[in-house]
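**Q**
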Amino acid sequence: MYENESPVERPAYTRKDVLVKCPHCKALLYVRALENNARVCLECGHHFQLSAFERINSLLDAGSFVETEAHLYSGDPLNFSNQSWTYPEKLHEAQARTGLAEAIITGTGSIAGYALVIAVMDFHFIGGSMGLVVGEKITRAIELAREQLIPLLIVSASGGARMQEGIFSLMQMAKTTIALQRLGAARVPFISLLTHPTTGGVAASFAMLGDVILAEPGALIGFAGPRVIEQFSYKKLPEGTDTSEFMLEHGMLDAIVPRSSLRATLIQLLSIHSLQNTLQFSPPLHPLRWIGTAEKSPVSESVWDRVRIARHLQRPHTADYIRLLCTSFFELRGDRRYGDDPAIIGGVATFLGRTVMFIGQQKGHNTQQNQAHNFGMPHPEGYRKVQRLMRYAEKFRLPVICLIDTPGAFPGLEAEQRGQAQAIAESLMLMASLSVPTVAVIIGEGGSGGALALGFADRVLMLENSIYTVASPEAAAAILWRDNKYAPQAASALRITAPDLLELGVIDGIIPEPLDGAHLDHLITSRLVAERLYQVLTELSAVPVPALLEQRYTKFRQLDQKL
26 MYENESPVER
36 PAYTRKDVLV
46 KCPHCKALLY
56 VRALENNARV
66 CLECGHHFQL
76 SAFERINSLL
86 DAGSFVETEA
96 HLYSGDPLNF
106 SNQSWTYPEK
116 LHEAQARTGL
126 AEAIITGTGS
136 IAGYALVIAV
146 MDFHFIGGSM
156 GLVVGEKITR
166 AIELAREQLI
176 PLLIVSASGG
186 ARMQEGIFSL
196 MQMAKTTIAL
206 QRLGAARVPF
216 ISLLTHPTTG
226 GVAASFAMLG
236 DVILAEPGAL
246 IGFAGPRVIE
256 QFSYKKLPEG
266 TDTSEFMLEH
276 GMLDAIVPRS
286 SLRATLIQLL
296 SIHSLQNTLQ
306 FSPPLHPLRW
316 IGTAEKSPVS
326 ESVWDRVRIA
336 RHLQRPHTAD
346 YIRLLCTSFF
356 ELRGDRRYGD
366 DPAIIGGVAT
376 FLGRTVMFIG
386 QQKGHNTQQN
396 QAHNFGMPHP
406 EGYRKVQRLM
416 RYAEKFRLPV
426 ICLIDTPGAF
436 PGLEAEQRGQ
446 AQAIAESLML
456 MASLSVPTVA
466 VIIGEGGSGG
476 ALALGFADRV
486 LMLENSIYTV
496 ASPEAAAAIL
506 WRDNKYAPQA
516 ASALRITAPD
526 LLELGVIDGI
536 IPEPLDGAHL
546 DHLITSRLVA
556 ERLYQVLTEL
566 SAVPVPALLE
576 QRYTKFRQLD
586 QKL
C-alpha cells in the first residue's frame, strides 16, 4: 500500500450502446430507459450492477459527497506474477478501464440532511476483491464514523479476497472486524447493504456484521457460492440458493429493498436512530386513565368469558399496536443463525417522540394469517431473534417494549431439535441483565415459558381481558382432571386473570379495555396502552442503570414472598 500524490483521474460516465440485453430475462432494453429506471430491468426487475460513483450519486444528497483516502493505491506485496501478466499490470489495466484507483470509494456525505460515512465497493475493479487498500480504506471509514459519531453505510459488491495479495488479503477480514467492534462499543449505527455479488471474505467479515443488513433483490450472497459448493459436494443445488431471497428466508438479512426504495429506507433508518439519545417522551395523547388496583378493575365477566375475549380473533395483535402506536417502524428480521420466525415481530420504532425497540408475538385475524404466524407460537429461532433485537436495543440504549400474545412456545419435534428450552432459557438470562428499561404488556394470551421469555421485565402490565398462566386451561384440565372439558374450572382455579394476578403481585398494573373487549375498538385500546407505556417508560428512564438492575432482581426475588 502506498500513498499516491497524483490520484487517478476519473473520466465522466458515458454509455454508447443504444440497446442492452437483460442477463436475467433476455429482454432487449433501451439504455436510456434503463438508466431512467435506476438500471433496473423494466421487464423482470433484474438489478444491473452500478459503479461506485453511480451508487453514491443515487443515494446521497447532491453535492454532499466528499471523498476520503483518495491518495491510497495498491502496491505488490508478494511480487506476484503468472506467465502472462504481473499484478501491477493487472492494477493499471483496472485503473484505466474503470477510472478508479481501487475497488472502493470512501467518503462523507448526507442523505436527506442526515450525515454519514459511506464506503462503496465497485465490482468492475478486479471483481471488487479485497486487498490491503480496500481493507485499509474500509477500516479508516469505520474509524472516521467512530470519531465523528455518525452512522456508517458500507455498500458491498465483491467476489472475495484479492488472491494476488495472498495472506495480506485474508488479514483484512480481521482488521475490518476489530474496527467494527470498536464502532459498536461507541454505539454508532452501521448499515450494511449487500449488492450483487457479495461473497467470500467480504461476506464473512464486515458485510455480514451490520446492525441492519439490507440487500438488493436477486443478489448473490454467501461465503463459498453455489458453484464452489456444487464442485465440492458433487450435487446440484436448488435454484435460488445463496440469493438475497434465500438469505432472508434463513434469517441472515433484515430486508430486501428494491433500488427504487433504497434511499427512502435509509432515510427512515437514519431518522429513527437520530432520536436515540432523546431522554424524555413527548406528552401523552390525552389524560391518563390508569387503573392501579384490582378493586377498580371491572370483574363482571366470568373467568371463562375473559379467556374467550383474550383469544378473540379480532383482538388487536402486535402488528396492529405497532401500526397504531408508532409514527415510524422498521422491522428487523432473522436470528442470524437459522431463520426468521414469523411468530415474532420486532424492530426499531418511533414512539411518542423517542426511538424504542418493539418486540411481540404475532397472531392473525383469520385462519390463514394464524397459519402464516404459526398461531403466535415461536420456534427457537424466534426467541433467538428476540435476543438479537434486545442486544440491539441495549447497544443503542433503547427501551424495550414486549407485547405478549401466545398460547406457548411451539411444541414440535423440530423445535426440540433446534433447542427450544435453551432458547427460552437464554432469553430469560438476557432479560435479567439488560441495562435498558423493559416493559412487557400481555395483550391477549400469556402462555407458559413461551410468554415469560418476553415477560421478564421491569414492569409487567396486562390488558384487563388478557390472561397469564403456567399452562393453557385446556392443558391444565387434561393434567389435573384428565379431561379438557374442565378447562373453565381450571381457568378459575389457576387465577389467570388480570385482577387476580395484580392481587398476587405477579403483574404491576392493569390497562383498561373498551366496553366488552379490545376487539371492538383497536384505536381506543392502543391509546390506553400508549398512555400507560408513556407513564412507565418516563418513570423507568429516570432510574440509573445500577438501580434498575437491582430493582429488577428484587422484583423477581421477592415475588412469592408477598403472599
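If you're matching positions, the sequence shown starts at 26 in this note's numbering and goes up one per residue. Just so it is clear, CB atoms sit at the ideal spot from N, CA and C, and this is done for glycine as well.
(1) Check Phe148 in the structure and name its three-state DSSP category.
(2) Could you check whether Ser285 and Gly243 sit closer than 8 Å to each other, using their CB atoms as the reference points?
(3) Would Leu519 and Val554 qualify as a contact pair, given that the criterion is a beta-carbon distance under 8 Å?
(4) For Tyr418, name the three-state secondary structure that DSSP assigns.
(5) Leaving aside the five residues before and after Gly471 along the sequence, list all residues of the same chain whose C-beta is less than 6 Å from its C-beta, in chain order.
(6) Between the alpha carbons of Met272 and Leu505, how many angstroms are there, rounded?
(7) Taking Ser154 and Glu127 to be in contact with their CB atoms under 8 Å, please state how far apart those CB atoms are, rounded to whole angstroms.
(8) Based on Cα-Cα distance, which residue from Asp345, Arg552 and Glu274 lies nearest to Glu363?
(9) Nearest-angstrom Cα distance between His72 and Ile130?
(10) Would you call the CB atoms of Tyr139 and Ser299 closer than 8 Å?
(11) Could you pull out every residue in the same chain whose Cβ sits closer than 7 Å to the Cβ of Val145, ignoring the five residues on either side in sequence?
(12) Report all residues from its chain with a CB closer than 6 Å to the CB of Asp483; omit the five preceding and five following residues, and keep chain order.
(13) Could you compute how far the alpha carbon of Ala512 sits from the alpha carbon of Pro498?
(14) Identify, in the order they occur along the chain, each residue of the same chain with its Cβ nearer than 8 Å to the Cβ of Gly265, setting aside the five sequence neighbours on each side.
(15) Ignore the nearest five residues each way along the sequence and tell me which others in Leu44's own chain have a CB closer than 8 Å to its CB.
(16) Find the nearest neighbour of Arg348 within the set Gly372, Val328 and Arg288, judged by alpha-carbon distance.
(17) Taking all protein chains shown into account, decide if Cys50 is buried (16 or more other Cβ within 10 angstroms of its Cβ) or exposed.
(18) Hey, Gly247 and Phe215: beta-carbon distance below 8 Å or not?
(19) Which of helix, strand or coil does DSSP assign to Met382?
(20) Taking the DSSP output, what are the residues bridged to Met155?
(21) Mind reading off the beta-carbon distance from Gln387 to Pro367? Whole number of angstroms is fine, and I expect it under 8 Å.
(22) Keeping to the same chain, check which residues put their C-beta closer than 8 Å to that of Ala170; ignore five residues upstream and five downstream.
(23) Along the chain, where does the beta strand (DSSP E) that runs through His221 open and close?
(24) Return the chain-ordered list of same chain residues with a C-beta closer than 7 Å to the C-beta of Val570, the five sequence neighbours on each side being excluded.
(25) My output table needs one value for His342: the three-state DSSP class, helix, strand or coil.
(26) Can you name the residues that DSSP bridges to Leu239?
(27) Rounded to a whole number of angstroms, what is the C-alpha to C-alpha distance between Ala166 and Leu526?
(28) When burial is assigned at 16 or more other CB atoms within 10 Å of the CB, is Glu172 buried or exposed?
(29) Compare the Cα-Cα distances from Thr375 to each of Phe581, Leu295, Gly226 and Ser517 and report the closest residue.
(30) Between Val282, Thr224 and Leu287, which has its C-alpha nearest Ile254's C-alpha?
(31) In the DSSP assignment, what are the bridge partners of Thr522?
(32) Taking one C-beta from the region 255-263 and one from the region 277-291 each time, how about it: are there three or more such pairs within less than 8 Å?
(33) Determine the contact status of Leu455 and Leu414, defining contact as a CB-CB distance below 8 Å.
(34) Does any residue of chain D have a CB that is nearer than 8 Å to the CB of Asn391?
(35) Report, in whole angstroms, the separation of the C-beta atoms of Gly407 and Pro432, which I expect to be a contact under 8 Å.
(36) Can you give the Cα-Cα distance for Ile136 and Glu161, rounded to whole angstroms?
**A** A quick look at the data gives this:
(1) coil
(2) no
(3) no
(4) According to the sequence provided, residue 418 is Ala. The question's Tyr does not apply to it. Helix, per DSSP.
(5) Ile429 and Tyr493
(6) 45 Å
(7) About 10 Å separates the two Cβ atoms, so there is no contact after all.
(8) Note on residue identity: the sequence assigns Tyr, not Glu, to residue 363. Measuring from the Cα of Tyr363, the nearest candidate turns out to be Glu274.
(9) 21 Å
(10) yes
(11) Ala77, Arg80, Ile81, Ile129, Ile130 and Val180
(12) Pro462, Thr463, Leu565 and Arg577
(13) 5 Å
(14) Phe271
(15) Leu53, Leu54, Tyr55 and Val56
(16) Gly372
(17) exposed
(18) no
(19) strand
(20) Ala186
(21) 7 Å
(22) Leu141, Val142, Pro176, Leu177, Leu208, Val213 and Phe215
(23) Phe215 to Thr224
(24) Ser460
(25) coil
(26) Leu218 and Ala280
(27) 53 Å
(28) exposed
(29) Leu295
(30) Thr224
(31) Ile492
(32) no
(33) no
(34) Considering every chain present, this structure includes no chain D. It has just one protein chain.
(35) Contact doesn't hold; Cβ gap of about 14 Å is too wide.
(36) 25 Å
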